[in-house]
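For what it's worth, this note's numbering labels the leading residue of the sequence shown as -5, then goes sequentially.
Have a look at the structure below before the remarks.
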Amino acid sequence: MKPKNLLATLTFILFTQIVSAQLMDHKFHLYGRYGFGGVQNTSFSIVSLNAEILLKKNFGLNYNFDYQMRKDSINQFHTSMGILGAPVLFGIGLSNAVDGDSTSSGAFGILGGLLLLVLPDGVSYHYSPAYKWDLSPYANILGLDFIKDKKTEEFYLKYACSFGVKSTYIISDLITVTGFVETRQAARFGWGFGGGLGLGVLLGKKETPIPVQ
């Protein structure tokens, strides 16, 4: 191989290794967010705690706990469907488990409750355009909003979803800064659009595969 081609090959290998040493080198991303936007002719602010399990093939599983405050006296707390359904199914299974005639259904209910508890809000796809940068579109389609109208004191439980894109920069290999824009809706409460910033931490360094000699 000519020296020029060898240098180009080594440069390419080094660059790809640097670029891949990114957010996806870790197992978990935990971050808090603050954002604001508009919905149904009013404005809102939102604070949230978000967790992401980072899988292979650049995919992630999203878990979101959001509190949205609207200027029109409506407040919304968001979580995944599993948080509500898991205790119910687990309780039914536990009740059946103590019934000698329903041991199998009881075990199924307990196992189903545990599986439902880890059901994510949605999924994300990660792409690294540059060193320490991560770009990620996401779709959260398995959510619920607990809604309170402070004027009427009425409560609602509504299906909720959100779609957006976030950009994350890694500081000191562990600390992250995230910017995001998204559209979101709780059923019958209109589509909103907003964005904001987040601060987080990366956890659980993935093991680097040992090359086969």
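By construction, the Cβ of each residue, glycine as well, lies at the ideal position given by its N, Cα and C atoms.
Judged by DSSP in its simplified three-state form, D60 adopts strand. With a 10 Å radius around the Cβ and a threshold of 16 neighbouring Cβ atoms, N44 comes out buried. For the pair K152 and I68, the CB atoms are not nearer than the 9 Å cut-off.
For a cut-off of 8 Å, the C-beta gap from G189 to F174 is around 6 Å, short enough to register as a contact. When secondary structure is reduced to three states using DSSP, D167 falls in the coil class, being assigned neither helix nor strand.
Collapsing the DSSP output to three states places L113 in coil.
F187 and G54 do not touch by the CB rule: their CB atoms are close to 23 Å apart, not below 8 Å. Annotated three-state conformation of N52 is helix, per DSSP. Closest in alpha carbon position to D139, among Y121, S130, I165, A181, is A181. Secondary structure note for H23: its beta strand (DSSP E) is the uninterrupted segment 20 to 33. Per DSSP, the continuous beta strand (DSSP E) segment holding D143 begins and ends at 127 to 143. In this structure, the beta-carbon distance from E147 to G158 does not fall below 9 Å. Going by C-alpha positions, F149 is about 10 Å away from Q70. A direct Cα-to-Cα measurement between S166 and K51 gives close to 24 Å. Residue pairing by DSSP leaves G198 without any beta bridge partner. DSSP links R182 through a beta bridge to no other residue.
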